[in-house]
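K.L.:
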Amino acid sequence: MKVTIYGSGYVGLVTGTCLAQVGNDVLCVDIDPDKVDRLNSGECPIYEPGLEEMMRSNHAAGRLRFSLDAAEGVAHGLFQFIAVGTPPDEDGSADLQHVLAVARTIGEHISNYRVVVNKSTVPVGTADRVEAAIRAVQEERGSPKEYDVVSNPEFLKEGAAVEDFMRPDRIIIGTDNPRTTELLRALYAPFNRNHDRLLVMDVRSAELTKYAANAMLATKISFMNELSNIAERLGADIEKVRVGIGSDPRIGYQFIYPGCGYGGSCFPKDVRALEHTAIQNGYHPELLHAVEAVNFRQKELLFHKISAHYGLELAGKTFALWGLSFKPNTDDMRDASSRTLMEALWKAGAKIRAFDPEARAETRRIYGERPDLLLCDSEQDALEGADALVVVTEWNQFRSPDFTHIRDTLNEPVIFDGRNLYNPDDLARLGFTYHSIGRAPTGR
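Going by the numbering used here, the sequence shown opens with residue 20, and the numbers climb by one from there.
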């Protein structure tokens, strides 16, 4: 099948590459000439395990192409996937200008029947606005062509997006037209062989499902972080509490790990957008507001622990940071907890020696060259000359380090662990002062 993807960012590139992997003829259209040149030369602009190799092989096979020509894109694909960004406005709402610009482009160039697929995460009612935008341009042209607009939200975890697309939990289709259902069923058939994962519903329910899923997961994280702050004050160990409640199958173990807050391109933006949508429709969502408020406070927690330990005397201190991306297996730093911490430490006059396996280039892009930030080539290098270690992202290579080397390298044996990777008793025996989340500090 011929497929056009508008947008070669995270969602668009994964979607296009995975559809090409099963034999489809995919054209990705983007407005950034530099990005298109890099993609056509085989360079993947994001880090996602397995993506670059898959992208290169499909590009070499001729199944995956990248272009600036939107008219070519409309002419190419029966399926027109809109996968452009929907960044948050200042009021928290999703900015749909790029989505609607693509819709108008489709309306301008459409000459045969097309299935327009909203893949971007968009508020409820966006499909209606896309349909209206296409129709308005067609009316101006005076040559209406047949098309359908459907919702097909993505459920891709950064760090596991290729696996999620190739072996999905569910494939949600929002449409009231049996023809588009069957066309999309055929497109997704290679990913739907083991058992039927296709869930068909009305468009608005499909649009809400995406927001509801992310809001639910964010709620679990914020609830656990709220509990961790209570546990710490009560002298309880949140990790033992986590195991105790996770063993209940009604709760489960996923997304109940306490830490220094969630980030990324989805949870913060989508919780705010859903809250804004609810308020726009006359309902004040107190729980959604609390989820975001708890997360905002949790991102400041590591800095407060550091400040409490050093008595606010942070000027001139140097901290080794392990982890910059918002989660492991990605270079994405959008709304990352590391950014909140670094900016607070810099404001207090501290310096940072940071290491991340993948996000150093993104850190440099965001912050540029500055004298209070050194991006190191290894986690060991980051320790040199540092007064304490701060663990912000739970990359696997940080889980079982050489603690003797850490103790001997740091100016003081102090660790602030924002992801509860280590055993407090073990570190106490090794002479560390250890601060974690939802557990009493150990050591002096």
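In this text, a Cβ means the ideal position worked out from N, Cα and C, and glycines have one as well.
Beta-carbon within less than 7 Å of K54's beta-carbon, same chain only, minus the 5 sequence neighbours each way: which residues are those?
P.N.:
Sequence-distant Cβ neighbours of K54 in its own chain, meaning closer than 7 Å and more than five residues away, are S27, P64.
K.L.:
Between the alpha carbons of D221 and I275, how many angstroms are there, rounded?
P.N.:
Their Cα atoms are separated by approximately 31 Å.
K.L.:
Please classify G265: does DSSP put it in a helix, a strand, or coil?
P.N.:
helix
K.L.:
Measure how close the beta-carbons of S366 and E177 come, nearest whole angstrom, since I'm counting them as under 8 Å.
P.N.:
Checking the displayed sequence, the identity of residue 366 turns out to be Lys instead of Ser. The pair is not a contact, with the Cβ atoms about 28 Å apart (cut-off 8 Å).
K.L.:
Mark V103 as exposed unless 16 or more other C-beta atoms lie within 10 angstroms of its C-beta, in which case mark it buried.
P.N.:
When all chains shown are included, V103 counts as buried.
K.L.:
Kindly give me the distance between the Cβ atoms of T428 and A447, rounded to whole angstroms, as I take these residues to be in contact under 8 Å.
P.N.:
No, T428 and A447 are not in contact; Cβ-Cβ is about 19 Å, not under 8 Å.
K.L.:
So, with DSSP's three-state summary, where would you put C37?
P.N.:
helix
K.L.:
Can you have a look at E377 and say buried or exposed, based on whether 16 or more other CB atoms are within 10 angstroms of its CB?
P.N.:
buried
K.L.:
Would you call the segment 186 to 199 in contact with the segment 43 to 59, where contact means no fewer than 3 C-beta pairs closer than 8 Å?
P.N.:
With a cut-off of 8 Å on Cβ pairs, the segment 186 to 199 is not in contact with the segment 43 to 59, counting fewer than three such pairs.
K.L.:
Closer than 8 Å by C-beta to V181: which residues in its own chain qualify, once you throw out the five before and the five after it? Chain order, please.
P.N.:
V33, T36, C37, E67, P68, G69, L70, M73
K.L.:
Could you check if A155 belongs to the surroundings of the ligand PLP, using beta carbon to heavy atom distance under 6 Å?
P.N.:
Ligands in the displayed structure: none, and consequently the ligand PLP is not present.
K.L.:
State buried or exposed for P268, treating a residue as buried only when at least 16 other CB atoms are found within 10 Å of its CB.
P.N.:
exposed
K.L.:
Mind checking who Q273 pairs with in its DSSP beta bridge?
P.N.:
As computed with DSSP, Q273 is found in no beta bridge at all.
K.L.:
From the DSSP output, in three-state form, read off N419 for me.
P.N.:
The question names Asn, but residue 419 in the sequence shown is Ser. Looking at S419 - three-state DSSP - the assignment turns out to be coil, as it is neither helix nor strand.
K.L.:
Does the Cβ of Y132 have 16 or more other Cβ atoms within 10 Å, making it buried, or fewer, making it exposed?
P.N.:
exposed
K.L.:
V262: buried (16+ other C-beta within 10 angstroms of its C-beta) or exposed?
P.N.:
exposed
K.L.:
Check for me: the beta strand (DSSP E) holding N137 runs from which residue to which?
P.N.:
133 to 137
K.L.:
Are L119 and A152 close, meaning C-beta to C-beta below 7 Å?
P.N.:
yes
K.L.:
Buried or exposed for R252, please, with buried defined as at least 16 other CB atoms from any protein chain shown within 10 angstroms of its CB.
P.N.:
exposed
K.L.:
Between R123, G126, V410, which has its C-alpha nearest C279's C-alpha?
P.N.:
V410
K.L.:
Do R458 and D256 have their beta-carbon atoms positioned less than 7 Å apart in this structure?
P.N.:
yes
K.L.:
Does W341 come out as helix, strand or coil in the three-state DSSP assignment?
P.N.:
strand
K.L.:
Nearest to I101 by alpha carbon, out of A297, V168, F315, F286?
P.N.:
Checking every option, the nearest Cα to that of I101 belongs to V168.
K.L.:
Checking the sheet assignment: what are the DSSP bridge partners for D436?
P.N.:
V410
K.L.:
Thinking just about the alpha-carbon of each residue, which of L175, L246, S162, H117 is nearest to the one in V149?
P.N.:
Here the closest residue by C-alpha is H117.
K.L.:
Please state the DSSP three-state secondary structure of F100.
P.N.:
Here F100 sits in strand by DSSP.
K.L.:
Just curious, the beta strand (DSSP E) that T468 is in, first and last residue?
P.N.:
What is shown of the chain runs 20 to 463, which leaves residue 468 out entirely.
K.L.:
Please classify K370: does DSSP put it in a helix, a strand, or coil?
P.N.:
strand
K.L.:
Compute the distance between the beta-carbons of A231 and I191, then report whether it is under 7 Å.
P.N.:
no
K.L.:
Any idea what DSSP makes of Y29, helix, strand or coil?
P.N.:
helix
K.L.:
Less than 7 Å between the beta carbons of I456 and P277, yes or no?
P.N.:
Result yes, Cβ atoms of I456 and P277 sit closer than 7 Å.
K.L.:
Run through the DSSP bridge pairs and tell me what L217 is partnered with.
P.N.:
I190
K.L.:
Measuring only the C-alpha atoms, how far is V143 from F174?
P.N.:
Their backbone Cα atoms lie some 16 Å apart in a straight line.
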